[in-house]
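Line order of the protein sequences matches chains F and R.
Per this note's numbering, residue 150 is the first one in the first sequence, and the count goes up by one each step.
Per this note's numbering, residue 150 is the first one in the second sequence, and the count goes up by one each step.
Virtual Cβ for every residue (Gly too), placed ideally from N, Cα, C.
2 protein chains.
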Amino acid sequence: MNNTPKVPIPTLERLATYFRYLADLRSMAVETISSTEVEKQTGINAAQFRKDLSYFGEFGKPGVGYNIVDLQNRIAQILRIDRDQHVIVLGAGNLGSALAGYPGLREQGFNIVAVFDASEQKIGQSLFGLAVKDIARLREENNRLQARIAVIAVPASAAQGVADLAVASGVRALMNFAPTILKVPDKIVVRNVSFLQELAVLSYHLTADAQK
Amino acid sequence: MNNTPKVPIPTLERLATYFRYLADLRSMAVETISSTEVEKQTGINAAQFRKDLSYFGEFGKPGVGYNIVDLQNRIAQILRIDRDQHVIVLGAGNLGSALAGYPGLREQGFNIVAVFDASEQKIGQSLFGLAVKDIARLREENNRLQARIAVIAVPASAAQGVADLAVASGVRALMNFAPTILKVPDKIVVRNVSFLQELAVLSYHLTADAQK
Numbered sequence: 150m151n152n153t154p155k156v157p158i159p160t161l162e163r164l165a166t167y168f169r170y171l172a173d174l175r176s177m178a179v180e181t182i183s184s185t186e187v188e189k190q191t192g193i194n195a196a197q198f199r200k201d202l203s204y205f206g207e208f209g210k211p212g213v214g215y216n217i218v219d220l221q222n223r224i225a226q227i228l229r230i231d232r233d234q235h236v237i238v239l240g241a242g243n244l245g246s247a248l249a250g251y252p253g254l255r256e257q258g259f260n261i262v263a264v265f266d267a268s269e270q271k272i273g274q275s276l277f278g279l280a281v282k283d284i285a286r287l288r289e290e291n292n293r294l295q296a297r298i299a300v301i302a303v304p305a306s307a308a309q310g311v312a313d314l315a316v317a318s319g320v321r322a323l324m325n326f327a328p329t330i331l332k333v334p335d336k337i338v339v340r341n342v343s344f345l346q347e348l349a350v351l352s353y354h355l356t357a358d359a360q361k
Numbered sequence: 150m151n152n153t154p155k156v157p158i159p160t161l162e163r164l165a166t167y168f169r170y171l172a173d174l175r176s177m178a179v180e181t182i183s184s185t186e187v188e189k190q191t192g193i194n195a196a197q198f199r200k201d202l203s204y205f206g207e208f209g210k211p212g213v214g215y216n217i218v219d220l221q222n223r224i225a226q227i228l229r230i231d232r233d234q235h236v237i238v239l240g241a242g243n244l245g246s247a248l249a250g251y252p253g254l255r256e257q258g259f260n261i262v263a264v265f266d267a268s269e270q271k272i273g274q275s276l277f278g279l280a281v282k283d284i285a286r287l288r289e290e291n292n293r294l295q296a297r298i299a300v301i302a303v304p305a306s307a308a309q310g311v312a313d314l315a316v317a318s319g320v321r322a323l324m325n326f327a328p329t330i331l332k333v334p335d336k337i338v339v340r341n342v343s344f345l346q347e348l349a350v351l352s353y354h355l356t357a358d359a360q361k
């Protein structure tokens, strides 16, 4: 059972932004932070930050700011990342490799436990200390690994098949990098990470410049 | 001059989501779409979708739905991606390589024109038809390329230096994949793409399952 109220997606995203930012600060041995500094660094305004936190009870002291370790732990608790999560990466191409070697995930409780691919050239090779496994064996492998989060880093044409296989293998949450819309059962959560989308948002802000 | 009202970031993000989704549908030769279908595919509710669009004038016909080509063109116009943008990728590691080869960007007006790296082993090599260039020459190269968007795909320790160099070279918008907070002048737009953040959002939705 969980006592935290259900958190809307935009709030979750902001909390995850704070979390990531606090992780950075922590690695730099910073101890406290003010909401004004948060605004400066994350672009989320100070009032919103205070509002997001107050939703979950009292944090911070007036004039002293927020203790970074406490705040990060509390956000981890809200986001339910206060326990280790096993993560599998599906696809051992450039993107899958980048993810397998992405620094700082394990320290934050995300443990990439295996990488899967369909290519015979890749299966059995080592990626940042992880053996690349045959995706045809995902179901039995994940029976042992018990990963609930999978990252889809395969070409768009293969993504739906890989997503279906992941769901059949017990995965409950997908981070999808393939530029395609996945169809999954209602209980499955999908986050689409789209370079096109990010570029589109950036592009919007450029026009004043481009129109000169 | 631009007549479009200033669009808040969350609206922009949703518009970029629709845009990406419409690009997918268009590649599948779908012609019209209803707001209910949009909700089903993007997770953004139908009322929100209609509200986002009505903000920019009339779209769609009751009972007929939205013409996909028209809608995508209109969103492209709002997002100001109705012209070609030059994009440079900074870092030719796994992630930079994945981005250089990411499909569908050019068709949507984002033209990756060069990849830069500091490693002598990588400079001069070819990545998806693009020669990897020496990042030390970014300023003079970009004088010619005129890219206003740069993707930062270097390790965290190198990211700030690379960002400074990009800004000095005329870049106005950064997509940052390095797990670090960049300090840039106010006029520069940064989008941080954080795997940690995405994993954190996914993780939140898993607890019911994890607690069984």
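Would you decide whether residue i is buried or exposed? Buried here means 16 or more other CB atoms lie within 10 Å of its CB.
i: Ile-217/R; result: buried
i: Ile-158/F; result: exposed
i: Ser-343/F; result: buried
i: Arg-255/R; result: exposed
i: Lys-271/F; result: buried
i: Ser-203/R; result: exposed
i: Asn-222/F; result: exposed
i: Gln-257/F; result: buried
i: Asn-291/F; result: buried
i: Val-236/R; result: buried
i: Arg-293/F; result: exposed
i: Phe-168/R; result: buried
i: Pro-252/F; result: exposed
i: Lys-282/F; result: buried
i: Ala-178/F; result: exposed
i: Arg-232/F; result: exposed
i: Val-187/F; result: buried
i: Val-213/F; result: exposed
i: Ala-285/F; result: exposed
i: Ala-196/F; result: exposed
i: Pro-211/R; result: exposed
i: Ser-275/R; result: exposed
i: Gln-295/F; result: exposed
i: Pro-328/F; result: buried
i: Ser-362/R; result: Look at the range of chain R in this structure, 150 to 361, and you will see that residue 362/R is not part of it.
i: Asp-219/F; result: exposed
i: Asp-173/F; result: buried
Can you list the residues of chain F that residue i reaches, using a CB-CB cut of under 8 Å?
i: Pro-252/R; result: Pro-304, Ala-305, Pro-328
i: Ala-322/R; result: Leu-351, Ser-352, His-354, Leu-355
i: Asn-243/R; result: Asn-243, Leu-244, Ser-246, Ala-247, Gly-250
i: Pro-157/R; result: Within 8 Å Cβ-Cβ: nothing; Pro-157/R doesn't reach chain F, min ~11 Å.
i: Ala-236/R; result: Looking at the sequence itself, residue 236/R is Val, so the reference to Ala does not match. Neighbours of Val-236/R on chain F, chain order: Leu-348.
i: Glu-188/R; result: Here the premise fails: no neighbours, minimum Cβ distance about 12 Å.
i: Tyr-170/R; result: Ile-330
Closer than 7 Å by beta-carbon distance: list the chain R residues that pair up with residue i, in chain order.
i: Ile-230/F; result: Ala-349, Ser-352
i: Gln-257/F; result: Leu-345
Could you list which residues in chain R have their beta carbon closer than 8 Å to that of residue i, in chain order?
i: Pro-211/F; result: Within 8 Å Cβ-Cβ: nothing; Pro-211/F doesn't reach chain R, min ~25 Å.
i: Asp-173/F; result: Pro-328, Thr-329, Ile-330
i: Ile-217/F; result: Within chain R, no residue comes near Ile-217/F; the closest Cβ sits about 13 Å away, beyond 8 Å.
Between residue i and residue j, which are expected to be in contact by the criterion C-beta below 8 Å, what is the C-beta distance as a whole number of angstroms?
i: Leu-164/R; j: Ile-224/R; result: 5 Å
i: Leu-279/F; j: Ile-261/F; result: 7 Å
i: Val-316/F; j: Val-333/F; result: 6 Å
i: Leu-345/F; j: Arg-297/R; result: At roughly 17 Å, the Cβ-Cβ gap does not stay under 8 Å, so Leu-345/F and Arg-297/R are not in contact.
i: Ile-109/F; j: Val-156/F; result: Any answer about residue 109/F is impossible in this case: the structure gives chain F only from 150 up to 361.
i: Tyr-170/F; j: Ile-330/R; result: 6 Å
Identify the contact partners of residue i in chain R, using a Cβ-Cβ distance below 9 Å as the criterion.
i: Arg-340/F; result: Glu-347, Leu-348, Val-350, Leu-351
i: Ser-343/F; result: Ala-165, Thr-166, Arg-169
Tell me, please, whether the CB atom of residue i is closer than 9 Å to any CB atom in chain C?
i: Val-179/R; result: In the structure shown, chain C cannot be found, because the protein chains are F and R.
At 9 Å on the CB atoms, spell out the chain F contacts of residue i, in chain order.
i: Leu-161/R; result: Ala-349, Val-350, Tyr-353, His-354
Any 3 or more C-beta pairs closer than 8 Å across the stretch 287-303 of chain R and the stretch 236-251 of chain R: yes
Stretch pair the stretch 305-324 of chain R + the stretch 334-343 of chain R: three plus CB contacts closer than 8 Å: yes
Touch test, the stretch 192-203 of chain R against the stretch 245-265 of chain R, Cβ-Cβ under 8 Å, three pairs minimum: no
Below 8 Å, how does it come out for the stretch 181-190 of chain R and the stretch 348-355 of chain F: are there three or more Cβ pairs, yes or no? no
List, from N- to C-terminal side, the alpha helix (DSSP H) runs of 4 residues or more that fit wholly inside the stretch 188-271 of chain F. 195-203, 217-227, 243-249
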